[in-house]
Amino acid sequence: MHYIDLTIFVLYMLAMLGVGFYFLKKNEGADDYYVGGRNMSSGHIGLSVVATDVGGGFSIGLGGLGFAMGLSGSWMLFTGLLGAWLAAVFLIPKVKNNPAFAKFLTFPQIFGYYFNARVALLAGIISAIGYTGFTSSQILAGAKLASGTFINLDMNTALLIMGIIAVVYTVMGGMKAVIYTDTVQWAILMSGLVFIGIPVSFLAVGGGVEQISFSQLLNLEWLSVQSSRSMAAIRTTLPPEFLSLTNVTWQQLVNWAITIIPIWFVGMTLYQRIYACRDAKTARRAWYLAGLFEWPIMAFMGVSLGILARVAAEQGMFDALGAGAVVDPETGLPMLLRTVLPVGLMGLMLSAYFSAILSTADSCLMASSGNIVSDVISHFWKIDPDAPSTLRLSQIVTLGVGAFALWLATTMTNVLDLMLYSYAFMVSGLFVPVLGAFFWKRRSSVAAFWAMLMGGVVTVVLQVSMLSAPAPDVDLMGLAQSLYPYFPAEVSSTWVGLSGFELQELLERTLSAHSIVHIPWLNLTFQLPLNLDPNLFGLTASLILYITLTFLYPDKHIKTTWQKTLVSATKFTPQPTHKE
């Protein structure tokens with residue numbers, strides 16, 4: 055990487071750290087640190103919401119989808135638009151128009167209001183775990199981008215650098231700093247994609263140039279000729295379905311929908327921003343704006359760059375980088391940028407992508423920290439949210455969560471998988487109880503608690519036990535004994551005579567065609583119906599349990615508040631007279 059690009063990138067990182075340090079001096083308590091003083095505008099909130107939700111992880115992940123399946127990968131963020139608008143219509147009025155929530159800092163405090171302290175504690179733990187995983191995915195996204203861009207930078211070193219920058223910036227910042235910098239970071243990302251990333255990458259895949267220069271970008275005749283060559287290269291290199299919006303199965307659409315839409319109803323980062331808005335009208339306007347930015351704007355930008363990276367890979371443009379015959383779809387985008395961008399623009403584009411990653415990582419770190427401090431620690435010890443010691447405690451917890459998220463990132467290799475796992479864990483545990491709290495008059499704390507627990511456990515067990523590909527050291531014959539009922543008919547009786555290489559290929563084909571779950575400690579192997587996501591079955595288990603237990607064990611009292619919470623969250627509300 056040229057020293058000019060490196061200088062631009064380093065200056066940008068220092069500027070972000072400087073903003074965090076500035077607001078470190080401005081934050082006076084937990085209210086400033088977690089909900090930005092509750093007086094933010096719809097423009098800042100809307101851009102912050104989309105910057106957080108479609109940050110670096112989805113930017114890199116969308117590039118991977120475009121690389122693997124073409125334009126149809128954009129449908130993933132269409133579910134984001136649906137989720138944002140559904141939340142604007144149904145959820146935000148419930149939250150902003152209830153005066154009991156006026157001083158709340160976290161999402162699980164709502165469970166304490168409708169149910170009891172035990173339910174709120176479990177919700178806080180589930181949310182903290184989910185957002186820690188989501189933070190890890192952002193660090194991993196930054197590391198993939200850095201290792202694919204900087205020469206001789208291995209993944210572990212990139213993880214360490216990205217993790218330290220994200221954690222230090224977040225510990226110092228606070229919600230107001232996060233929201234304001236999100237606005238700047240989103241503007242940088244959009245400008246980078248619209249004016250640098252997409253047009254330069256599009257021109258580069260037309261061939262005929264080793265690296266595009268500034269003089270060529272200002273030559274209209276050259277631009278016209280090169281654009282025609284690029285379109286021809288795209289059509290001849292890619293299969294026709296890559297340029298279609300129908301290259302997706304209904305199962306994939308359902309899996310995206312049940313994972314992404316509900317997060318708009320259970321996401322801690324989103325509730326923090328609802329609390330930070332001046333009123334319900336401001337919040338709803340912000341959510342409508344965020345939905346439009348998700349789809350079609352970011353969706354098609356992300357997959358378009360992934361498509362161009364696929365064309366470049368097929369043409370051998372990455373051979374000089376030592377990519378080999380197989381390119382990881384999620385590293386194709388940074389490799390493309392590293393290959394085609396001229397000196398100066400590379401530093402700007404890299405800063406744009408890192409800004410997106412930071413905008414999500416800081417929000418998720420703060421969400422997990424807020425859950426731990428406000429929903430877990432305060433459950434056992436009384437905490438004054440206005441005390442300086444609470445602010446210091448929040449920063450220490452944020453640092454600890456960041457360090458753990460960095461370690462977790464070293465154990466995963468796929469950004470999108472880690473993000474969707476984190477989403478699914480929260481969705482399957484929290485979605486059904488929150489719908490019951492807001493939209494069903496019957497109350498049952500027993501039902502809410504066990505529905506949360508069962509939904510999360512079912513999803514996690516199914517996801518961890520899902521077979522995706524044979525492990526390098528697996529007993530192929532033993533695995534085949536478990537999977538042979540799913541083999542194609544033509545080899546169902548002859549697979550025993552296959553060679554080791556042929557048997558491994560058969561197992562890989564079988565696992566990719568079926569959603570097979572293998573639970574060794576139960577000696578149980580089965581296929582999920584219709585290849586649907588484990589999250590759907592976790593949600594189904596949660597729903598059945600919630601409805602059943604609500605009728606069997608209804609709450610005997612209509613609760614107006616809950617006792618074990620931060621003082622400022624409920625100090626204006628009279629405490630209940632009955633025992634928890």
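55 is the number of the first residue of the sequence shown in my numbering; add one for each residue after it. Glycine residues also receive a C-beta, built at the ideal position from the N, C-alpha and C atoms. Computed from a predicted structure; not experimentally measured.
Please go through the segment 167-255 and give each complete beta strand (DSSP E) segment of 3 or more residues, from N-terminal end onward.
When DSSP assignments are scanned along the segment 167-255, no uninterrupted stretch of beta strand (DSSP E) that is 3 or more residues long falls wholly within it.
Could you pull out every unbroken beta strand (DSSP E) segment of at least 3 residues lying fully inside the segment 281-322, listed in chain order?
Not a single unbroken stretch of the beta strand (DSSP E) spanning 3 or more residues falls wholly within the segment 281-322.
I need the straight-line Cα distance from Thr237 to Pro147, nearest angstrom please.
The residue given as residue 237 occupies position 183 in the sequence shown. The residue given as residue 147 occupies position 93 in the sequence shown. Each residue's Cα considered, the two are about 25 Å apart.
Per DSSP, what kind of secondary structure is Leu447 in: helix, strand or coil?
For the purposes of this step, residue 447 is taken as residue 393 along the sequence shown, with counting starting at 1. DSSP places Leu447 within a helical segment (H, G or I) once states are collapsed to three.
Can you tell me where the beta strand (DSSP E) holding His572 begins and where it ends?
Residue mapping note: residue 572 aligns to position 518 of the sequence shown, counting from 1. Ile570 to Ile573 is the extent of the beta strand (DSSP E) around His572.
Given Thr452 as reference, the closest of Asp587, Met123, Gln517 and Ala182 once Cα atoms are compared
Along the sequence shown, read from residue 1 onward, the residue named residue 452 stands at position 398. Residue Ala182 is the option with its Cα nearest to Thr452.
Whole angstroms are fine: how far does the CA of Gly178 sit from the CA of Ser96?
Looking up residue 96 in the sequence shown gives position 42. Looking up residue 178 in the sequence shown gives position 124. The alpha-carbon atoms of Ser96 and Gly178 are separated by roughly 27 Å.
Tell me the DSSP secondary structure of Leu578 in three-state form.
Here residue 578 corresponds to residue number 524 of the sequence shown, with the count starting at 1. Here Leu578 carries a strand assignment [DSSP, helix/strand/coil].
Helix or strand or just coil, what does DSSP make of Met480?
Working through the sequence shown from its first residue, we reach residue 480 at position 426. In the three-state scheme derived from DSSP, where H, G and I count as helix and E and B as strand, Met480 is classed as helix.
Going by DSSP, what residues sit across from Met520 in a beta bridge?
As a position in the sequence shown, residue 520 is number 466, starting the count at 1. When beta bridges are read from the DSSP output, Met520 appears opposite Val571.
Between which two residues does the alpha helix (DSSP H) harbouring Ile351 extend?
In the sequence shown, the residue the question calls residue 351 occupies position 297. In the DSSP assignment, Ile351 falls outside any alpha helix (DSSP H), carrying neither H nor E.
What residues in its chain sit with their C-beta under 8 Å from that of Gly246, if we drop five residues either side in the sequence?
Locating residue 246 in the sequence shown gives position 192, where the first residue counts as 1. Excluding sequence positions up to five before and after Gly246, its CB lies within less than 8 Å of the CB of Leu402, Met403, Ser405, Ala406 and Tyr407, all in the same chain and listed in chain order.
How many Å lie between Gly134 and Ile315 at the Cα?
What you label residue 134 is simply residue 80 of the sequence shown in a count that begins at 1. What you label residue 315 is simply residue 261 of the sequence shown in a count that begins at 1. One C-alpha to the other measures close to 6 Å.
Out of Gly532, Pro524 and Val302, point me to the one whose CA is closest to Leu565's CA.
The sequence position of residue 565 within the sequence shown is 511, counting from 1. For Leu565, the nearest C-alpha among the options comes from Pro524.
Would DSSP call Gln617 helix, strand or coil?
Here residue 617 refers to the residue found at position 563 when the sequence shown is read from its first residue. At Gln617, the pLDDT of 40 sits below 50, so the modelled position is not reliable; the number obtained from the coordinates is stated separately. Coil at Gln617, not helix or strand.
Under 8 Å: do the segment 300-318 and the segment 60-74 share three or more Cβ pairs, one atom per stretch?
The segment 300-318 is not in contact with the segment 60-74.
Taking all protein chains shown into account, decide if Thr619 is buried (16 or more other Cβ within 10 angstroms of its Cβ) or exposed.
Position 565 of the sequence shown, counting from 1, holds the residue named residue 619. Note on Thr619: pLDDT 41, under 50, position unreliable in the model; no value is reported.
Which term fits Pro162, buried or exposed, when burial requires 16 or more other beta carbons within 10 angstroms of its beta carbon?
For the purposes of this step, residue 162 is identified with residue 108 of the sequence shown, where counting begins at 1. By the neighbour-count criterion, in which 16 or more other beta carbons inside 10 Å mark a residue as buried, Pro162 falls on the buried side.
Around the C-beta of Ile573, are 16 or more other C-beta atoms found within 10 angstroms, so that it is buried, or is it exposed?
The sequence position of residue 573 within the sequence shown is 519, counting from 1. Exposed is the call here.
Mind the definition here: the segment 602-611 touches the segment 535-547 only if three or more C-beta pairs lie below 8 Å; say whether that holds.
They do not touch, by the three-pair rule.
Answer with buried or exposed for Gly532, where buried requires no fewer than 16 other C-beta atoms within 10 angstroms of its C-beta.
Working through the sequence shown from its first residue, we reach residue 532 at position 478. Result: exposed.
Report the rounded CA-to-CA distance for Ser267 versus Pro396, giving the unit in angstroms.
Within the sequence shown, residue 267 is the residue found at index 213, counting from 1. Within the sequence shown, residue 396 is the residue found at index 342, counting from 1. Answer to the nearest angstrom: the Cα atoms are 6 Å apart.
Have a look at Phe121 and Trp435 and give me their C-alpha separation to the nearest angstrom.
In the sequence shown, residue 121 corresponds to position 67, counting from 1. In the sequence shown, residue 435 corresponds to position 381, counting from 1. Computed Cα separation, rounded: 50 Å.
Rounded C-alpha distance that separates Ala502 from Arg496:
Sequence index remark: in the sequence shown, residue 502 carries index 448 (1-based). Sequence index remark: in the sequence shown, residue 496 carries index 442 (1-based). Rounded to the nearest angstrom, the two C-alpha atoms are 11 Å apart.
Could you tell me the boundaries of the alpha helix (DSSP H) in which Lys150 lies?
Taking the sequence shown and counting its residues from 1, one reaches residue 150 at position 96. Lys150 -> alpha helix (DSSP H) spans Ile146 to Lys150.
Of the residues Ile431, Gly262 and Pro293, which one's Cα is nearest the Cα of Gln280?
Mapped onto the sequence shown, residue 280 falls at position 226. Taking Gln280 as reference, the option from Ile431, Gly262 and Pro293 with the minimal CA-CA separation is Gly262.
Between the C-alpha atoms of Gly196 and Ser547, what's the straight-line distance to the nearest angstrom?
Locating residue 196 in the sequence shown gives position 142, where the first residue counts as 1. Locating residue 547 in the sequence shown gives position 493, where the first residue counts as 1. Those two C-alpha atoms are separated by around 48 Å.
Taking the alpha carbon of Asn210 as the reference point, which residue from Phe169, Val488, Ala463 and Ser522 has its own alpha carbon closest?
By 1-based counting over the sequence shown, the position of residue 210 is 156. When Phe169, Val488, Ala463 and Ser522 are compared, the shortest CA-CA separation from Asn210 is found for Ala463.
What residue does the alpha helix (DSSP H) around His98 start on, and which one ends it?
Taking the first residue of the sequence shown as 1, we reach residue 98 at position 44. Its alpha helix (DSSP H) spans residues Ser96 to Asp107.
Buried or exposed: where does Trp616 fall if 16 or more other Cβ atoms within 10 Å of its Cβ makes it buried?
The count along the sequence shown starts at 1 and reaches residue 616 at position 562. Note on Trp616: pLDDT 41, under 50, position unreliable in the model; the coordinate value appears next. Residue burial is scored here from C-beta neighbours: Trp616 has at least 16 other C-beta atoms within 10 angstroms and is therefore classed as buried.
Contact check, Leu390 vs Ser201, beta carbons under 7 Å:
Locating residue 390 in the sequence shown gives position 336, where the first residue counts as 1. Locating residue 201 in the sequence shown gives position 147, where the first residue counts as 1. No, they are not a contact pair.
What does the alpha-carbon distance come out to for the pair Leu593 and Gly483?
Translated into positions along the sequence shown, residue 593 becomes position 539. Translated into positions along the sequence shown, residue 483 becomes position 429. If you take the alpha carbons of Leu593 and Gly483, they lie about 7 Å apart.
If Thr186 and Val455 are in contact, beta carbons under 8 Å, what's the gap, nearest whole angstrom?
Numbered from 1 along the sequence shown, position 132 holds the residue referred to as residue 186. Numbered from 1 along the sequence shown, position 401 holds the residue referred to as residue 455. So it is a contact: roughly 6 Å between Cβ atoms.
Residues of its chain near Met322, where Cβ-Cβ distance is below 7 Å and the 5 sequence neighbours each way are ignored:
By one-based count along the sequence shown, residue 322 stands at place 268. Exclusion of the five residues before and after Met322 leaves Thr160, Phe161, Ser181, Tyr185, Ala421, Gly424 and Asn425 as the residues of its chain whose Cβ lies within less than 7 Å of its Cβ.
On the DSSP letters alone, give me the boundaries of the alpha helix (DSSP H) that Gln270 sits inside.
Here residue 270 is taken as the residue at index 216 of the sequence shown, counted from 1. First-last of the alpha helix (DSSP H) with Gln270: Phe268 to Leu271.
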